[in-house]
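> Per this note's numbering, residue 884 is the first one in the sequence shown, and the count goes up by one each step. The beta-carbon is built from N, C-alpha and C at its ideal position, and this holds for glycine as well.
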Amino acid sequence: MYNTYLILAEDTRTSAVLLQHYQIHKTLTPYHQHNEHKIIHHLAEQMQGGKIMALLTDAGTPGISDPAFLLVRECVKQD
């Protein structure tokens, strides 16, 4: 059914170390405060098309104070 996966990372350098440790080999894409406004619509469209995504954040309350907030809001907006 779903065959494409994407991992969004606030800091790809530290996330890559974590993924390597657990031998996870999926596409890693930067998603942070400097690019979130530019790519949220594209990411939401990809999810609607069946792409499965995970979001790795650095600290704080993921999904509330981190860049995930805008992505979650866009996904809700697009149902």
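Can you list, in chain order, the residues of its chain with a C-beta nearer than 8 Å to that of Glu957? Leave out the 5 residues immediately preceding and following it.
Reading the sequence shown from its first residue, position 74 is the one you call residue 957. Same-chain partners within the cutoff: Ile923, His924, Leu926 and Ala927.
> Quick one: using the 10 Å Cβ neighbour count with 16 as the cut-off for buried, is Tyr914 buried or exposed?
Counted from its first residue, the sequence shown places residue 914 at position 31. With 16 or more other Cβ atoms within 10 Å, it is buried.
> With a CB to CB cut of under 7 Å and the five nearest residues on each side skipped, what residues in its chain are close to Glu893?
Position 10 of the sequence shown, counting from 1, holds the residue named residue 893. Same-chain partners within the cutoff: Tyr914, His915, Leu939, Thr940, Asp941, Asp949 and Pro950.
> Mind checking which residues open and close the beta strand (DSSP E) that includes Ile890?
For this step, residue 890 is matched to residue 7 along the sequence shown. Segment Tyr888 to Ala892, the beta strand (DSSP E) holding Ile890.
> How would you call Leu901, buried or exposed, if buried means at least 16 neighbouring beta carbons within 10 angstroms?
Here residue 901 is taken as the residue at index 18 of the sequence shown, counted from 1. Classification for Leu901: exposed.
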